[in-house]
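J.:
Number of protein chains: 2
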Amino acid sequence: MKETIKKAAAALFAEHGYAGTSLAQISEKVGIKKPSLYAHFKSKDHLFECIIQDAFDAETKRVEAADDLYKLLESYLFLYEEDALFRFLLTSSFFPPDFLKKRILKKYDEYLQSLEEKVKMVLPSDSVHTEDAAIMYTIILDSLLVELCYGTRERSQKRLDTAWRVYEQAFMKGQKKR
Amino acid sequence: MKETIKKAAAALFAEHGYAGTSLAQISEKVGIKKPSLYAHFKSKDHLFECIIQDAFDAETKRVEAADDLYKLLESYLFLYEEDALFRFLLTSSFFPPDFLKKRILKKYDEYLQSLEEKVKMVLPSDSVHTEDAAIMYTIILDSLLVELCYGTRERSQKRLDTAWRVYEQAFMKGQKKR
DNA sequence: TTTTAACTAACGACCGGTAGGAAGGGAAAG
DNA sequence: CTTTCCCTTCCTACCGGTCGTTAGTTAAAA
Chain A
9 MKETIKKAAA ALFAEHGYAG TSLAQISEKV GIKKPSLYAH FKSKDHLFEC IIQDAFDAET
69 KRVEAADDLY KLLESYLFLY EEDALFRFLL TSSFFPPDFL KKRILKKYDE YLQSLEEKVK
129 MVLPSDSVHT EDAAIMYTII LDSLLVELCY GTRERSQKRL DTAWRVYEQA FMKGQKKR
Chain B
9 MKETIKKAAA ALFAEHGYAG TSLAQISEKV GIKKPSLYAH FKSKDHLFEC IIQDAFDAET
69 KRVEAADDLY KLLESYLFLY EEDALFRFLL TSSFFPPDFL KKRILKKYDE YLQSLEEKVK
129 MVLPSDSVHT EDAAIMYTII LDSLLVELCY GTRERSQKRL DTAWRVYEQA FMKGQKKR
């Protein structure tokens with residue numbers, strides 16, 4: 009049940025934001041009455057925090073498990089379409105409720121850092137500009153996430169293709185092409 | 009007075025979102041009572057729409073007046089810090105209230121298109137990959153806006169530097185460096 | 001027998017919005 | 001020049017509705 013509630017709430021929070029989603033909407037989507045939510049979560053804030061913790065954990069695992077930089081980028085295309093929890097993470101990071109702003113910023117920082125380390129690990133150590141490569145990678149990722157929020161799937165794919173061509177040319181010369 | 013209200017509302021909407029900002033907060037910030045707002049705007053929706061129209065108009069003008077691609081990117085760094093109306097545009101585009109989602113998406117499309125045309129105008133016509141250059145430019149811009157929302161000023165600047173170095177190398181070889 | 005998870009009822013606070021009137025300024029009429 | 005009138009802009013008081021949350025109860029599970 010707890011998971012059912014989190015799932016429904018994540019979808020609603022992702023679409024309408026924290027302030028724009030009411031407990032009445034959540035309970036209705038789950039199929040229970042509003043006060044019943046309090047048997048599982050002690051407040052709206054608490055519910056939100058539980059979900060975002062799940063979302064960060066899942067995303068961290070994904071990044072840690074990745075071994076191909078391009079595939080990691082590409083995976084976000086599917087993820088955005090099919091995983092409400094990921095959409096929740098995205099919109100809540102772009103626009104967190106006030107009471108979580110600081111903590112989310114911190115987590116985003118850690119996330120960026122883990123991404124940079126991942127890039128430095130995967131890229132050949134004889135590359136001269138690994139730091140630049142890491143920054144450029146986060147640039148591509150962030151722009152991809154923005155495009156996913158707005159554009160069509162096709163346009164996101166095109167953006168990824170173009171960006172990756174430039175990226176390979178700049179930082180992976182001589183490496184095996186994917 | 010109308011302008012005073014719009015200014016205060018824009019700052020609040022930018023920080024807390026549409027649903028997270030109440031008319032009571034706005035009127036308090038302005039220094040009048042809540043019902044007085046209705047002498048100037050017929051509803052909360054209407055107020056929001058007026059502001060976002062202003063914001064889009066201002067941003068469109070800025071892009072049209074630009075003649076240097078790098079300077080245009082750089083200008084966003086200042087803009088984000090000093091212009092509440094721009095921050096409003098940013099957050100409202102990332103996360104629009106439901107009743108405006110469609111219209112804002114459309115405006116964003118037009119905005120991207122005007123940006124692409126701007127890039128094609130400014131870049132030398134003998135460039136082979138003007139289309140790629142245009143897409144890559146929007147990638148850099150979007151990622152810069154994301155970083156502005158989260159990171160420090162310095163990190164945004166670094167991101168811009170790195171991205172621009174790659175961009176010049178890929179699309180402006182042989183052109184005068186800035 | 002204790003715990004858990006659901007319910008109904010209701011709370012105070014706040015929401016966007018309305019009614020109706022007071023104060024002030026500017027233009028028109030005397 | 002004064003008076004009247006109107007329009008704008010603000011106010012106080014209040015509306016119905018929704019918000020997140022609590023109290024108290026019930027029924028089934030452990």
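Residue numbers (the numbering used here), protein chains in the order written: chain A, 9 to 186; chain B, 9 to 186.
Idealized CB from N, CA, C, for every residue including glycine.
1. Looking at the unbroken alpha helix (DSSP H) that takes in Leu-45 (chain A), where does it start and where does it end?
2. Run through DSSP, which three-state label would Leu-153 (chain B) get?
3. Just reading off the alpha helix (DSSP H) that Lys-50 (chain B) is part of, what are its end residues?
4. Which term fits Val-71 (chain A), buried or exposed, when burial requires 16 or more other beta carbons within 10 angstroms of its beta carbon?
5. Cβ of Tyr-88 (chain A) within 8 Å of Cβ of Leu-149 (chain A)?
6. Establish whether the CB of Asp-53 (chain A) and some CB of chain B are separated by less than 8 Å.
7. Looking at chain A, which residues of the region 10–22 of chain B have a Cβ within less than 7 Å of any of its Cβ atoms?
8. Count the other CB atoms, across all protein chains shown, that sit within 10 Å of the CB of Gly-39 (chain B); report buried if there are 16 or more and exposed otherwise.
9. Where does Leu-168 (chain A) fall in DSSP's three states?
10. In chain B, which residues lie less than 9 Å from Ala-63 (chain A) when you measure between Cβ atoms?
11. Quick one, are the C-beta atoms of Leu-55 (chain B) and Lys-42 (chain B) less than 8 Å apart?
12. Tell me whether Arg-186 (chain A) sits in a helix, a strand or coil according to DSSP, three-state version.
13. Name the chain B residues that come within less than 7 Å of Ser-151 (chain A), Cβ to Cβ?
14. Going by DSSP, what residue range makes up the alpha helix (DSSP H) through Ile-34 (chain B)?
15. Does any C-beta atom of chain B lie closer than 8 Å to the C-beta of Tyr-78 (chain A)?
16. When you compare the CB of Ala-171 (chain B) with every CB in chain A, is at least one pair closer than 8 Å?
17. Please report how far the alpha carbon of Asp-75 (chain B) lies from the alpha carbon of Tyr-145 (chain A), in whole angstroms.
18. Going by CA-CA distance only, name the one from A:Glu-36, A:Lys-15 and A:Phe-21 that's closest to Thr-29 (chain A).
19. Anyone know if the C-beta pair for Pro-108 (chain A) and Ala-63 (chain A) falls short of 8 Å?
20. Within the same chain, show all residues whose beta-carbon is closer than 7 Å to that of Pro-104 (chain A), passing over the 5 residues directly before and after it, in chain order.
21. Please report the straight-line C-alpha distance between Arg-161 (chain B) and Ala-18 (chain A), rounded to a whole angstrom.
22. With DSSP as the reference, label Leu-131 (chain B) as helix, strand or coil.
23. Please identify, using Cβ separations under 7 Å, the residues of the region 98–125 of chain A that lie next to chain B, in order along the chain.
24. In chain A, what lies closer than 7 Å to Lys-37 (chain B) by C-beta?
25. Count the other C-beta atoms from every protein chain shown that fall within 10 angstroms of the C-beta of Lys-14 (chain A), then say buried if there are 16 or more, exposed otherwise.
26. Could you give the DSSP three-state label for Lys-41 (chain A): helix, strand or coil?
27. Pick from A:Glu-82, A:Ala-27 and A:Thr-12: whose alpha carbon is nearest that of His-48 (chain A)?
28. Does any residue of chain A have a CB that is nearer than 8 Å to the CB of Tyr-158 (chain B)?
29. Within a Cβ cutoff of 6 Å, which residues of the same chain sit near Lys-10 (chain B), ignoring the five residues on either side of it in sequence?
30. Could you tell me how far apart the beta carbons of Arg-173 (chain B) and Ile-143 (chain A) are, in whole angstroms, since I believe they sit closer than 8 Å?
31. With 8 Å set as the bound, which would you pick, yes or no: does the beta-carbon of Asp-75 (chain B) sit closer than that to a beta-carbon of chain A?
T.: In brief:
1. Leu-45 (chain A) -> no alpha helix (DSSP H), and no H or E assigned at all.
2. Helix at Leu-153 (chain B).
3. No alpha helix (DSSP H) holds Lys-50 (chain B); DSSP gives it neither H nor E.
4. Note on Val-71 (chain A): under 16 other CB atoms within 10 angstroms of its CB, so exposed under the neighbour-count rule.
5. no
6. no
7. none
8. exposed
9. helix
10. None at all; the shortest Cβ gap to chain B is about 16 Å.
11. Cβ distance not < 8 Å, so Leu-55 (chain B) and Lys-42 (chain B) don't count as in contact.
12. Residue placement at Arg-186 (chain A) is poorly supported in this model, since its pLDDT is 47, which falls under 50; the coordinates still yield a value, given next. Three-state result, Arg-186 (chain A): coil.
13. Ile-147, Asp-150 and Ser-151
14. 31–38
15. no
16. Interface criterion met: the Cβ of Ala-171 (chain B) is under 8 Å from a Cβ in chain A.
17. When rounded, the distance between both Cα atoms is 28 Å.
18. A:Phe-21
19. Per the sequence shown, the amino acid found at residue 108 (chain A) is Leu instead of Pro. No, they are not a contact pair.
20. Ile-112
21. 31 Å
22. In the three-state reduction of the DSSP assignment, Leu-131 (chain B) falls in the coil class.
23. Thr-99, Phe-102, Phe-103, Asp-106, Leu-113 and Tyr-116
24. Correct list: empty, because the minimum Cβ distance to chain A is about 16 Å.
25. buried
26. coil
27. A:Thr-12
28. yes
29. His-48
30. That pair is no contact at about 10 Å.
31. no
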